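Chains as they are written, first to last, in the numbering used here: chain C, 1359 to 1914; chain D, 1359 to 1914. A virtual CB, placed ideally from N, CA and C, is assigned to each residue, including glycine. Quick caveat: nothing in here was measured; it's all calculated off a predicted structure. All remarks here apply to the structure that follows.
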């Protein structure tokens, strides 16, 4: 069977200027990066601001399983199908991180006949955005320790430094380190650690900023730590924000690539969907909405994590609202939510599908709570049976939505044509009445409880007294108006990854809260959240290399 | 006065395809990175291999002082002058490192009217090469710790791991760390540290490899540490070399930019000139020699460090030989070598110049020892007097060379026209008879002693018995044939940075030797060598930012 890389390589790519022309982007707006990638200049982006907005379609999914549900392929397939039907469409995706690429997960450019290309280049380095973000993160870190070294004028308490270093690599050995060892010339020893770049607040800032001024202002607001008496010290206090913005300037321009079908795709930014908001940059989404009649974009993990944050954090920050929502599911994953072991997924099990639908149904209803019309994309596997599919269709019909079988992985645009027509219908229907789940004025604890109750179906949130006090302190410091970004496992509506399906009445145990003042949200951590993955016993990196012609092999 | 950035910004840049066309590079060979930078495709590089080589001119300098001697500006000015005189010329330079940019040193793209542009982009990220090198370095590091974590099949001794992590930032807090703290999920705690990217062996490998196969093979030979019984463990043993090569593939293509005069410049790679060999990539130099009749390139620090390594390491590895050598000096620096304090450099002091010439004279004679015809470029400052300049001219005439006043910083190509004519004369004279200082078969200790005696004028090398034993062990392991890369202070011929001028009879104290099996040299460290700089009390970063139009300001 042809691998994703085989299919990507076999494709004939259009020159990027031709791709741009298909959506009306003039040649002068392009900053080419090779023949098949380009950044869209910030001046061009600015010049589009007064144009009307196209409709926004959010692609999200059920609680993910190791089997993979296919949100990215669905986003790409849907975009290609809409374009094929004559709707001027752009897709907006996250950039892949190098870490997972060398670990277990592989790349993040779709798969089968629903990919963005050039696959190898997007997965490795791309236009350097993540490297710029890593550099900005680490410049701030170096300036923090340098400030301590030269006398600590601002009075930072070395025990209260919250700013960690970043690397775009799965490297568990850097999770927890003692830094500045070795004596006087190396500074004051202290505990520190690295997060993977997608977990850096700089990534979240980069993805939420509306323009360069906003970027600089948000960078300046980043809190690196506190003084002994609890006063916040910011990147601006350290005079690091200007240089950080300079490091990010070129990266801040959205990246244009193409799908296998030659349609335009913006791929820009990529924060974690747990401790950050998990979707591509506001810059890319807003630009796409100016350029296209329909924009299809995705949010990370399941709809409880990614879509909730997309709606409550990103849409709020960007002043945008979706017209429709696609929830992606697979029969295989529904069977897993219905209790079937991975080894038995190939056999028909209608009863298990019926049980597992509870997960899908709740995600659909949750999206409806935001005022969005929903359609379900059932990403087809050859092992799916008619009877299993029928069960899903019936269940969705009862929720007032439609489950549509999609075969874009195998068939490209044609495989998502039905889905595209359904999405066209939802947009044309004009029934979307988007409202965020909570308003700015609610207390931070209230916001957390609202998400837990309405989205997770938790009966309560367990907030330890020190955590509650910290939330009140954020409010006293003037940060009560920001949204909350809840970090919990993506595998369950609850904080327990083993609770599949649609658990009810669980208690969400809040462990810690952090203020991301630059990004503009409070992170609320429930359970163990990993901000630096490790490599598996046999990392994908072992199989990656160059063939005799210098082509990259082993990426998947 | 106009800053370098003002001058660079005021310049009208040619589209990079026009710059390429000036030297006969076809449009198809270009991988554009924005409008004014391009990589030259590896297929194009291969297609040039059978063409005859142009003449190579090495620009080096006296022992540097904080005043700055101007090797990079001289390289650029000389290139522009040769092109203006009708000689088809290309320059080849190192890429700047981000670290110094934010520290005290500023960028590294020349200055005044002798710059390569776009200045801001070359100094910040450029085409991402250093980020790719950092990633490859850190992937290997992550795979080392991951190997320990999953059972250590290869039997690596955690105390004998030599491979350090890298970051392209001046960050003293990372020089010495304890990593993998925090318990079982994070691995086995051990001592570790970060070097700045330019000090990574991956950088040296990148800059010495002749082609992709050579790159992959060298990466595979990198030694990450030893087993308990002293057996070397390599990147190939860890199956990391393929993925490292994949990470480096695109970066490995040389970068084309232009000088302020619109002439082509290759800017590619940039290893440290102490623990590595300090000059741009073999790929760039060899390609430039295929494309141009004359190639002007520079080596880092003074000629005792940079030029010696260029000649004994790079020329040996690349199979190339220079036709002429330019030694750059300033009257101000000669005065400092003659004992004048920095505050008094503005006043005429012929006697001090006469004393300081000892430093210049030795560098000139050293280059002559390699069989190279030499010309001295006297980089003009307005405070230089006729009498001072005359002293330099006379002294150089006695050495059979010429000192030529250059004003390219103020006047661009016209200011280096005399120098260009002298260089044309040296090349046309055909007197170059390049020989490396020592042959492959000499013992490693013998090679170190030869450089110390012939170039540094040391009376002896103090090699502690354990260091001598280590050198013998490298020879037993089959690495006796490689050249040596001596790391010592750049400020003196000796290992004592305060010994200015031309000290004689000093003893070179060898502290440590390391085998860079991938790069293909043995590093011999004399004195304290910093592989991770720190930031100053007021880092340049504090003044860097974006202006109201989004342009970068504060770079210098």
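Just to confirm the assignment, what range does the alpha helix (DSSP H) spanning residue i have?
i, result
"residue 1400 of chain C", "1400-1405"
"residue 1435 of chain C", "1429-1442"
"residue 1812 of chain C", "1802-1812"
"residue 1643 of chain C", "1640-1649"
"residue 1460 of chain C", "1456-1460"
My output table needs one value for residue i: the three-state DSSP class, helix, strand or coil.
i, result
"residue 1797 of chain D", "coil"
"residue 1388 of chain C", "strand"
"residue 1571 of chain C", "helix"
"residue 1867 of chain D", "strand"
"residue 1564 of chain D", "helix"
"residue 1765 of chain D", "coil"
"residue 1413 of chain C", "strand"
"residue 1593 of chain C", "coil"
"residue 1874 of chain C", "strand"
"residue 1821 of chain C", "coil"
"residue 1372 of chain C", "coil"
Please list the terminal residues of the continuous beta strand (DSSP E) segment that includes residue i.
i, result
"residue 1687 of chain C", "1682-1687"
"residue 1488 of chain C", "Looking at the DSSP string, residue 1488 of chain C is not in any beta strand (DSSP E); the run it does join, the alpha helix (DSSP H), is 1487-1507."
Judging by CA-CA distance, which residue of the options is the nearest neighbour of residue i?
i, options, result
"residue 1718 of chain D", "D/1740, D/1590 and D/1690", "D/1690"
"residue 1679 of chain C", "C/1792, C/1734 and C/1606", "C/1792"
"residue 1700 of chain C", "C/1443, C/1424, C/1433 and C/1732", "C/1424"
"residue 1865 of chain C", "C/1813, C/1899, C/1738 and C/1901", "C/1813"
"residue 1761 of chain D", "D/1697, D/1391 and D/1734", "D/1734"
"residue 1906 of chain C", "D/1578, D/1570 and D/1881", "D/1570"
"residue 1710 of chain D", "D/1693, D/1720 and D/1449", "D/1693"
"residue 1839 of chain D", "D/1559, D/1642, D/1857 and D/1798", "D/1798"
"residue 1835 of chain D", "D/1588, D/1508 and D/1409", "D/1588"
"residue 1600 of chain D", "C/1902, C/1374, C/1756 and C/1913", "C/1902"
"residue 1908 of chain D", "C/1779, C/1893, C/1582 and C/1574", "C/1574"
"residue 1576 of chain C", "C/1723, C/1875 and C/1688", "C/1875"
So which residues of chain C does residue i contact, with C-beta pairs closer than 9 angstroms?
i, result
"residue 1508 of chain D", "1893, 1894, 1895 and 1896"
"residue 1389 of chain D", "1390, 1391, 1392 and 1393"
"residue 1456 of chain D", "1493, 1497 and 1605"
"residue 1500 of chain D", "1457, 1460, 1525, 1527, 1528, 1529, 1530, 1531, 1532, 1892, 1893, 1897 and 1899"
Just the Cα atoms here: how many angstroms apart are residue i and residue j?
i, j, result
"residue 1808 of chain C", "residue 1529 of chain C", "35 angstroms"
"residue 1939 of chain C", "residue 1556 of chain C", "Past the boundaries of the shown model lies residue 1939 of chain C; chain C is included only from 1359 to 1914, so the question cannot be answered."
"residue 1831 of chain D", "residue 1884 of chain C", "54 angstroms"
"residue 1366 of chain D", "residue 1635 of chain C", "40 angstroms"
"residue 1362 of chain D", "residue 1470 of chain D", "5 angstroms"
"residue 1794 of chain C", "residue 1726 of chain C", "11 angstroms"
"residue 1746 of chain D", "residue 1714 of chain D", "11 angstroms"
"residue 1749 of chain D", "residue 1703 of chain D", "16 angstroms"
"residue 1534 of chain D", "residue 1541 of chain C", "9 angstroms"
"residue 1395 of chain C", "residue 1477 of chain C", "11 angstroms"
"residue 1506 of chain D", "residue 1895 of chain C", "10 angstroms"
"residue 1399 of chain C", "residue 1391 of chain D", "13 angstroms"
"residue 1684 of chain D", "residue 1416 of chain D", "6 angstroms"
Show which residues of chain D have a CB atom less than 7 angstroms away from the CB atom of residue i.
i, result
"residue 1497 of chain C", "1460, 1527 and 1899"
"residue 1371 of chain C", "The premise fails here: residue 1371 of chain C is roughly 13 angstroms from chain D at the closest Cβ pair, so nothing lies under 7 angstroms."
"residue 1486 of chain C", "1483, 1486 and 1489"
Taking residue i as the query, report the chain C residues whose CB atoms sit under 8 angstroms from its CB, ordered along the chain.
i, result
"residue 1503 of chain D", "1529, 1530 and 1531"
"residue 1902 of chain D", "1600, 1601 and 1604"
"residue 1534 of chain D", "1538, 1539, 1540 and 1544"
Just to confirm, does residue i get its C-beta within under 7 angstroms of one of the non-hydrogen atoms of the ligand GDP?
i, result
"residue 1402 of chain C", "The ligand content of the structure shown is nil, which means the ligand GDP is not present either."
For residue i, go through chain C and note every residue whose CB falls closer than 7 angstroms to its CB, in chain order.
i, result
"residue 1795 of chain D", "Going along chain C, no residue has its Cβ under 7 angstroms from residue 1795 of chain D, so there is no contact; the nearest lies around 34 angstroms."
"residue 1513 of chain D", "Within chain C, no residue comes near residue 1513 of chain D; the closest Cβ sits about 17 angstroms away, beyond 7 angstroms."
"residue 1597 of chain D", "1900"
So which residues on chain D does residue i lean against when the C-beta distance must stay under 8 angstroms?
i, result
"residue 1908 of chain C", "1400, 1570 and 1607"
So residue i contacts chain A; which residues on that side make the cut at Cβ distance below 9 angstroms?
i, result
"residue 1574 of chain C", "Note that chain A does not occur in the displayed structure, where the protein chains are C and D."
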